[in-house]
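Reviewing the structure listed below.
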Amino acid sequence: MANKSNIEVHESAMLHVTGRALYVDDIPVGEQLLVGKVVYSPHAHAQINSFDLQTARRIPGVHAVLSFRDIPGENQLGPVVKDEPCLAENEVTFIGQAIFLIAAETEELCRRAEAAIKIEYEPLETILNIDEAMTAGSLLGPERRMGSGDVQAALSEAEYVLEGELRTGAQEHWYLETHASLCIPGEEREMNVYSSTQHPSETQALVAEVLGIPRNEVKVEVRRMGGAFGGKETQANHTACWTALLAHATGRPVKIRLFRDDDQIMTGKRHPYLIKYKTGFNSDGKIVALEVELNSNGGAATDLSFAILERAMLHAENAYYIPNISITGRVWKTNLPSNTAFRGFGGPQGMAGIENVIDRVARFLKKDAADVRFTNFYGQEKNNITPYGQQVEDNRLQMIYDQLVASSEYEKRREEIEVFNVAHEFEKRGMALTPVKFGISFTTSFLNQAGALVNVYQDGTVLVNHGGTEMGQGLHTKMKQIAALEFGISPERVKVNATDTSKVPNTSATAASAGTDLNGMAVKNAVETIKNRLRPVAADYLNKQACDTTSSEEDIVFENNEVFDAAKPDRRVTFRELVQNAYLRQVSLSSTGFYRTPDIGWDRDKGHGRPFNYFAFGMAVSEVEVDILTGHHRLLRVDILHDVGDSLNPAIDIGQVEGGYIQGLGWVTTEECKWDSHGRLLNHSPDTYKIPSVQDIPRDFRVQLLQGAPNPRAIRKSKAVAEPPFMLALSAWLAIKDALSAIADHEIEPPFSLPATNEVIVLAAEKLRQAIRNKQLVGGK
Amino acid sequence: MSDSHRKKSGISRRTFIKGLGLSSLGAATLSGEGLKGTLRGTGLLPEERIVPADGTEATFLVNGRKRKVRIEPRTTLAEVLRHRFGLTGTKLGCGRGACGACTVLLDGKAVSSCMTLAIDAAGVPVETIEGLQAKDGTLHPLQEAFIEHDAMQCGFCTSGMIMSGKALLDINPAPDEQEIRESVSGNLCRCGTYPHVFEAIQAAGSKSGIRKTK
Chain A
0 MANKSNIEVH ESAMLHVTGR ALYVDDIPVG EQLLVGKVVY SPHAHAQINS
50 FDLQTARRIP GVHAVLSFRD IPGENQLGPV VKDEPCLAEN EVTFIGQAIF
100 LIAAETEELC RRAEAAIKIE YEPLETILNI DEAMTAGSLL GPERRMGSGD
150 VQAALSEAEY VLEGELRTGA QEHWYLETHA SLCIPGEERE MNVYSSTQHP
200 SETQALVAEV LGIPRNEVKV EVRRMGGAFG GKETQANHTA CWTALLAHAT
250 GRPVKIRLFR DDDQIMTGKR HPYLIKYKTG FNSDGKIVAL EVELNSNGGA
300 ATDLSFAILE RAMLHAENAY YIPNISITGR VWKTNLPSNT AFRGFGGPQG
350 MAGIENVIDR VARFLKKDAA DVRFTNFYGQ EKNNITPYGQ QVEDNRLQMI
400 YDQLVASSEY EKRREEIEVF NVAHEFEKRG MALTPVKFGI SFTTSFLNQA
450 GALVNVYQDG TVLVNHGGTE MGQGLHTKMK QIAALEFGIS PERVKVNATD
500 TSKVPNTSAT AASAGTDLNG MAVKNAVETI KNRLRPVAAD YLNKQACDTT
550 SSEEDIVFEN NEVFDAAKPD RRVTFRELVQ NAYLRQVSLS STGFYRTPDI
600 GWDRDKGHGR PFNYFAFGMA VSEVEVDILT GHHRLLRVDI LHDVGDSLNP
650 AIDIGQVEGG YIQGLGWVTT EECKWDSHGR LLNHSPDTYK IPSVQDIPRD
700 FRVQLLQGAP NPRAIRKSKA VAEPPFMLAL SAWLAIKDAL SAIADHEIEP
750 PFSLPATNEV IVLAAEKLRQ AIRNKQLVGG K
Chain B
0 MSDSHRKKSG ISRRTFIKGL GLSSLGAATL SGEGLKGTLR GTGLLPEERI
50 VPADGTEATF LVNGRKRKVR IEPRTTLAEV LRHRFGLTGT KLGCGRGACG
100 ACTVLLDGKA VSSCMTLAID AAGVPVETIE GLQAKDGTLH PLQEAFIEHD
150 AMQCGFCTSG MIMSGKALLD INPAPDEQEI RESVSGNLCR CGTYPHVFEA
200 IQAAGSKSGI RKTK
């Protein structure tokens with residue numbers, strides 16, 4: 000059951016449809032505003048021999064041209080490891096690395112100043128991909144290991160052993176709103192920052208550090224972002240710090256909004272992975288051993304690469320109980336922009352590995368892959384301990400599988416596909432069912448905390464401040480609903496404020512799908528505090544009106560914009576009247592709230608513990624038709640059943656599931672980042688980098704939320720949603736592989752990688768057709 | 000802009016290109032409208048479509064309101080709308096007419112305002128997202144439908160989506176599935192709200208109650 004009482008529409012819906020919603024670039028600023036520009040490295044790796052900014056600085060209308068020497072504080076932006084200079088000093092380590100900053104009256108003047116900068120580079124050797132990094136031994140940090148059981152023994156005892164490797168590609172975030180920041184200097188050292196950031200507290204900390212001022216002088220405000228998807232978790236800090244440096248240097252408001260091409264060139268992407276595996280399994284389809292090595296391309300700096308690797312490792316077994324497993328993870332250092340968080344945070348890469356293994360095992364055993372998946376699912380009572388020692392509780396896998404296999408008419412369609420494939424030589428259809436089991440919580444356990452500040456005003460309206468940021472995921476809408484439900488007032492009386500570090504301090508990034516879980520509880524906590532102060536006021540108020548003392552605070556209920564005595568429901572007062580009365584009685588109508596996720600903990604070094612508060616589950620069945628001569632494919636039908644507990648807002652949650660799937664679809668099919676041999680990104684605009692358009696979505700798209708599965712571990716029995724559905728798109732990827740596999744009657748493992756671009760598909764189809772021709776030749780002799 | 004290259008009789012092609020600047024040259028090569036750009040220097044376009052390198056006063060007709068501003072030859076319609084008129088509902092997503100976030104209606108047709116030179120829009124009716132709501136506050140059926148069908152997440156593509164939808168519904172109030180898909184096929188949404196956008200346009204179309212006459 001969904002949470003009742005309000006199916007609230009998007010809290011900014013009215014603003015969005017009328018064009019009045021403000022993003023950073025839309026904030027009105029006076030004539031004083033200067034345009035900021037970043038001058039970046041054209042070399043993937045080079046030494047800076049010399050530079051001269053004098054000519055550029057003399058251009059009238061150019062107010063500042065800054066190098067690292069002009070940074071008053073620390074020249075450092077690394078969020079975890081301090082290995083990322085704000086502006087390059089003597090060396091550049093990737094194309095797109097910031098070297099100089101310009102503030103001028105117009106964009107045109109910025110360009111003229113850039114052209115007037117003299118700089119001499121001496122190009123150095125580059126490392127551009129995982130293979131080159133492996134050869135050079137270029138690691139970003141120590142190797143990580145995790146596992147359980149005895150893999151070697153299990154491999155030697157298994158009936159069959161398969162090994163291989165899989166490559167997954169980079170993915171550009173392509174948030175519609177590029178990185179943007181507006182900085183307005185206040186009095187003395189104050190800096191007011193408007194930033195499109197998922198992590199205002201970290202942005203605040205880094206702005207303070209580069210300016211060399213304490214954090215209480217920096218205020219970061221985020222009204223909303225035009226999409227983020229992880230791309231603004233750490234890397235929004237850069238634009239904010241650059242802007243702040245220029246505002247500080249000029250004493251005037253400065254705005255930087257990256258042009259699309261620059262944004263794509265300068266910022267990190269989803270980590271490409273090279274996954275090597277060896278698996279042992281038996282003829283019944285049971286996987287008994289898995290040895291997996293996850294190699295990621297971290298780029299030039301650490302950023303969040305190790306946390307992402309950790310999540311990849313924690314999802315390397317996805318929904319399957321594999322008794323003997325060993326997982327090794329490495330982050331390789333290359334001369335690319337530091338790769339960063341992206342929806343799923345390593346989960347997609349980890350899952351792609353195991354889902355491909357299962358697919359291969361099924362083909363080898365000539366079984367339906369869905370059956371092999373079911374055979375290996377985590378069990379309810381037994382076989383339910385993950386490689387890292389956490390029990391899979393409230394396991395929904397079997398429940399979802401049974402419902403989805405039935406509602407998607409899986410078996411009937413499987414037969415139809417076989418008939419179709421026999422009848423068509425150049426069009427092949429394929430189908431795949433894939434599950435998702437995704438752990439919810441930051442794996443860096445202390446980050447699982449959140450704060451809120453709730454103000455009630457005398458007119459009975461409520462202003463909610465919380466530490467989360469709105470990027471389209473509907474967090475503010477859900478916070479508004481939670482505050483309204485808890486206060487028993489209508490949502491129109493609640494407004495969610497822009498996220499502001501001066502209202503709620505020391506917050507975690509809005510990430511890991513945990514925004515609602517963490518901030519929702521903090522909001523609830525603040526509301527509870529205020530309600531507890533209002534209860535005695537209400538009891539006293541009602542008693543005074545009735546001239547007795549029979550109403551007691553334990554019986555006070557907040558509902559329908561009123562506050563009443565549950566024991567004598569005719570004794571009631573409006574919420575507004577009550578808060579006015581409380582004010583007159585000198586009772587505080589404002590409170591902070593706080594929440595920390597209980598009972599989680601994780602020993603990173605031992606690879607053991609309870610990193611997650613709970614798991615989110617989902618499953619998808621995708622069917623595709625592939626033209627094997629061109630590689631063109633279309634999604635015929637997609638059925639999804641996803642678990643969000645008791646949905647706080649089904650419209651938002653379904654939107655997240657569909658949107659996650661569509662974004663994942665881009666990752667597994669059309670989105671391919673290509674670099675040349677110099678490390679230049681070749682496709683840095685939507686002309687050449689193809690995210691899904693309306694023409695790419697499934698013709699028949701059936702998304703359902705799992706009913707009757709409340710989650711005892713989160714706010715109002717709901718579940719996190721943002722990331723998990725992204726990985727449901729692996730079903731589309733494996734459906735394409737299944738269609739290709741039909742070319743050789745499922746006898747041969749198709750060569751395959753991710754994304755399955757038209758090129759990958761055509762090459763695979765050619766190889767399979769060639770193999771058949773060879774076989775026929777041999778057979779003919 | 001210096002006007003030292005300016006000829007007495009008008010503008011040399013060299014000055015025109017110089018004045019146009021790099022971004023508009025991109026426009027000239029990439030968009031259909033670009034043809035006009037290349038014709039302009041040849042004198043094949045009416046005089047009022049020529050902007051001297053040092054700029055000119057131009058009158059715009061935005062959402063039914065006349066506004067006069069000084070523009071340079073390189074100025075795009077998106078810049079005029081956002082920076083001069085404060086109509087920031089029109090968004091800049093890619094700056095090269097490939098994402099649709101800056102879609103506005105120019106004489107009823109959906110165009111990428113980042114790829115439209117401001118001078119080409121002078122005197123021609125321009126409709127932006129801000130012009131859709133009636134003065135009394137009544138929403139356009141498309142705006143209502145986008146709210147009702149939850150056809151937005153981050154909202155950054157929403158105004159462009161609605162304007163593309165309006166361009167379609169204005170000439171074809173009851174479009175079929177493929178027509179709707181085509182109408183917004185140039186509008187990217189990274190949040191993946193496409194199914195809802197599709198439903199919203201369909202609902203707004205049928206709400207108008209007029210059947211397609213073909």
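Just so you know, the protein sequences line up as chains A and B, in that order.
When we follow numbering that gives the first Met the number 0, the leftmost residue of the first sequence carries the number 0, and every step to the right adds one.
When we follow numbering that gives the first Met the number 0, the leftmost residue of the second sequence carries the number 0, and every step to the right adds one.
Quick reminder that beta carbons are idealized off the backbone N, C-alpha and C, glycines included.
Just so you know, these numbers come straight off a predicted model, no measurement behind them.
Could you check the C-alpha separation between residue 642 (chain A) and residue 506 (chain A) for me, to the nearest Å?
-> Looking up residue 642 (chain A) in the first sequence gives position 643. Looking up residue 506 (chain A) in the first sequence gives position 507. Each residue's alpha carbon lies about 27 Å from the other.
Residue span of the alpha helix (DSSP H) that contains residue 794 (chain A), given as start and end = No information on residue 794 (chain A) is available, as it lies outside the stretch 0 to 780 that chain A covers here.
DSSP three-state call for residue 431 (chain A): helix, strand or coil?
-> One-based indexing of the first sequence puts residue 431 (chain A) at position 432. Residue 431 (chain A): strand per DSSP, three-state reduction.
Alpha carbon of residue 125 (chain B) to alpha carbon of residue 192 (chain A), nearest angstrom | Numbered from its first residue, the second sequence carries residue 125 (chain B) at position 126. Numbered from its first residue, the first sequence carries residue 192 (chain A) at position 193. The straight-line gap from Cα to Cα measures roughly 34 Å.
For residue 690 (chain A), go through chain B and note every residue whose CB falls closer than 8 Å to its CB, in chain order.
-> For this step, residue 690 (chain A) is matched to residue 691 along the first sequence. Simply 187, 189.
Hey, how far is the Cα of residue 226 (chain B) from the Cα of residue 686 (chain A)?
-> Nothing about residue 226 (chain B) can be reported from this structure: the residues present for chain B run from 0 to 213 only.
If you measure beta-carbon to beta-carbon, which residues of the region 143 to 155 of chain B are closer than 7 Å to chain E?
-> Looking at the structure shown, chain E is missing, and the protein chains on hand are A and B.
Strand pairing of residue 607 (chain A), partner residues [DSSP] | Here residue 607 (chain A) refers to the residue found at position 608 of the first sequence. Residue 607 (chain A) pairs with A:602.
Determine the chain B residues that contact residue 643 (chain A) at a beta-carbon separation under 9 Å, and present them in chain order.
-> Position 644 of the first sequence, counting from 1, holds the residue named residue 643 (chain A). None at all; the shortest Cβ gap to chain B is about 15 Å.
Please report how far the alpha carbon of residue 458 (chain A) lies from the alpha carbon of residue 580 (chain A), in whole angstroms.
-> Within the first sequence, residue 458 (chain A) is the residue found at index 459, counting from 1. Within the first sequence, residue 580 (chain A) is the residue found at index 581, counting from 1. Going from the Cα of residue 458 (chain A) to the Cα of residue 580 (chain A) covers about 11 Å.
Closer than 8 Å at the beta carbon, the chain A residues around residue 85 (chain B) = The count along the second sequence starts at 1 and reaches residue 85 (chain B) at position 86. Near residue 85 (chain B) (Cβ distances below 8 Å), the residues of chain A are 27.
To which residues of the same chain is residue 497 (chain A) closer than 7 Å at the C-beta, ignoring the five residues directly before and after it?
-> Here residue 497 (chain A) refers to the residue found at position 498 when the first sequence is read from its first residue. Excluding sequence neighbours, residue 497 (chain A) sits near 220, 221, 222.
So, residue 248 (chain A) versus residue 24 (chain A), is the Cβ gap smaller than 8 Å?
-> On the first sequence, residue 248 (chain A) is found 249 positions in, with the first residue counted as 1. On the first sequence, residue 24 (chain A) is found 25 positions in, with the first residue counted as 1. No. Outside cutoff.
Looking at the C-beta of residue 685 (chain A), does it have a partner C-beta in chain B at a distance below 8 Å?
-> Here residue 685 (chain A) is taken as the residue at index 686 of the first sequence, counted from 1. It does: the Cβ of residue 685 (chain A) has a partner Cβ on chain B nearer than 8 Å.
Minimum length 4: unbroken alpha helix (DSSP H) runs contained in the region 184 to 229 of chain A = Listed in chain order, the complete alpha helix (DSSP H) runs (minimum 4 residues) inside the region 184 to 229 of chain A are 199 to 210.
N- and C-terminal bounds of the beta strand (DSSP E) containing residue 354 (chain A) | Start at 1 with the first residue of the first sequence, and residue 354 (chain A) comes out as number 355. Looking at the DSSP string, residue 354 (chain A) is not in any beta strand (DSSP E); the run it does join, the alpha helix (DSSP H), is 346 to 364.
Is residue 650 (chain A) helix, strand or coil when you go by DSSP?
-> The residue labelled residue 650 (chain A) in the question sits at position 651 within the first sequence. DSSP places residue 650 (chain A) in helix when its eight states are reduced to three.
Where does the unbroken alpha helix (DSSP H) through residue 389 (chain A) begin, and where does it stop?
-> Residue mapping note: residue 389 (chain A) aligns to position 390 of the first sequence, counting from 1. Element bounds for residue 389 (chain A): n/a, residue is neither H nor E.
Close-in-space but distant-in-sequence residues of the same chain around residue 358 (chain A) (CB under 7 Å, 5 per side omitted) | Translated into positions along the first sequence, residue 358 (chain A) becomes position 359. Cβ neighbours of residue 358 (chain A) beyond the five flanking positions: 368, 733, 736.
Determine the chain A residues that contact residue 82 (chain B) at a beta-carbon separation under 7 Å, and present them in chain order.
-> Position 83 of the second sequence, counting from 1, holds the residue named residue 82 (chain B). Simply none; closest approach about 10 Å.
When the distance is taken between beta carbons, is residue 664 (chain A) closer than 8 Å to residue 626 (chain A)?
-> As a working note, residue 626 (chain A) is residue 627 in the first sequence. As a working note, residue 664 (chain A) is residue 665 in the first sequence. No.
Just to confirm, are residue 317 (chain A) and residue 287 (chain A) a CB contact at a threshold of 8 Å?
-> Residue numbering aside, residue 317 (chain A) sits at position 318 when the first sequence is read from its first letter. Residue numbering aside, residue 287 (chain A) sits at position 288 when the first sequence is read from its first letter. For residue 317 (chain A) and residue 287 (chain A), no; Cβs fall outside 8 Å.
Using beta-carbon positions only, say whether residue 57 (chain B) and residue 121 (chain B) come within less than 8 Å of one another.
-> Within the second sequence, the letter at position 58 stands for residue 57 (chain B). Within the second sequence, the letter at position 122 stands for residue 121 (chain B). Inclusion of residue 57 (chain B) and residue 121 (chain B) in the CB contact set at 8 Å is warranted, their separation being smaller than that value.
For chain B, find out if any of its Cβ atoms is closer than 8 Å to the Cβ of residue 115 (chain A); answer yes or no.
-> Residue mapping note: residue 115 (chain A) aligns to position 116 of the first sequence, counting from 1. Taking Cβ atoms only, chain B never reaches closer than 8 Å to residue 115 (chain A), which makes this a no.
Kindly provide the ranges of any beta strand (DSSP E) runs that are 3 or more residues long and lie completely inside the region 83 to 158 of chain B, ordered along the chain.
-> 102 to 105, 108 to 111, 124 to 126
Cβ contact check for the region 93 to 105 of chain A and the region 50 to 68 of chain A: 3 or more pairs under 8 Å = yes
Residue burial classification, residue 421 (chain A) (beta-carbon count within 10 angstroms, cutoff 16) = Here the question's residue 421 (chain A) lines up with position 422 in the first sequence. Burial call: exposed.
How many angstroms separate the CA atom of residue 750 (chain A) from the CA atom of residue 766 (chain A)?
-> What you label residue 750 (chain A) is simply residue 751 of the first sequence in a count that begins at 1. What you label residue 766 (chain A) is simply residue 767 of the first sequence in a count that begins at 1. So the two alpha carbons sit approximately 8 Å from each other.
Under 8 Å (Cβ pairs) to chain A, residues found in the region 118 to 129 of chain B = Answer set for the region 118 to 129 of chain B: 127, 128, 129.
Span of the alpha helix (DSSP H) holding residue 471 (chain A)?
-> For the purposes of this step, residue 471 (chain A) is identified with residue 472 of the first sequence, where counting begins at 1. Segment: none, residue 471 (chain A) is in no alpha helix (DSSP H) and carries neither H nor E.
Which two residues bound the contiguous alpha helix (DSSP H) that contains residue 416 (chain A)?
-> What you label residue 416 (chain A) is simply residue 417 of the first sequence in a count that begins at 1. 409 to 422 is the span of the alpha helix (DSSP H), which, as asked, contains residue 416 (chain A).
For residue 594 (chain A), the nearest candidate out of A:406, A:517, A:213 (CA to CA) | Within the first sequence, the letter at position 595 stands for residue 594 (chain A). Per the Cα distances, A:517.
How many whole angstroms separate the CB atoms of residue 87 (chain B) and residue 95 (chain B), which I take to be in contact at a CB cut-off of 8 Å?
-> Within the second sequence, the letter at position 88 stands for residue 87 (chain B). Within the second sequence, the letter at position 96 stands for residue 95 (chain B). Residue 87 (chain B) to residue 95 (chain B), Cβ: 20 Å. No contact.
Identify which residue in B:131, B:68, B:166 has its Cα closest to the Cα of residue 185 (chain B).
-> Counted from its first residue, the second sequence places residue 185 (chain B) at position 186. Ranking the options by Cα distance to residue 185 (chain B), first place goes to B:166.
Of all the CB atoms in chain A, is at least one closer than 8 Å to the CB of residue 28 (chain B)?
-> The sequence position of residue 28 (chain B) within the second sequence is 29, counting from 1. Only weak support exists for where residue 28 (chain B) lies, its pLDDT of 38 falling under 50; the coordinates are left without a value.
Which residues, in order along the region 161 to 177 of chain B, keep a beta-carbon less than 8 Å from a beta-carbon of chain A?
-> 161
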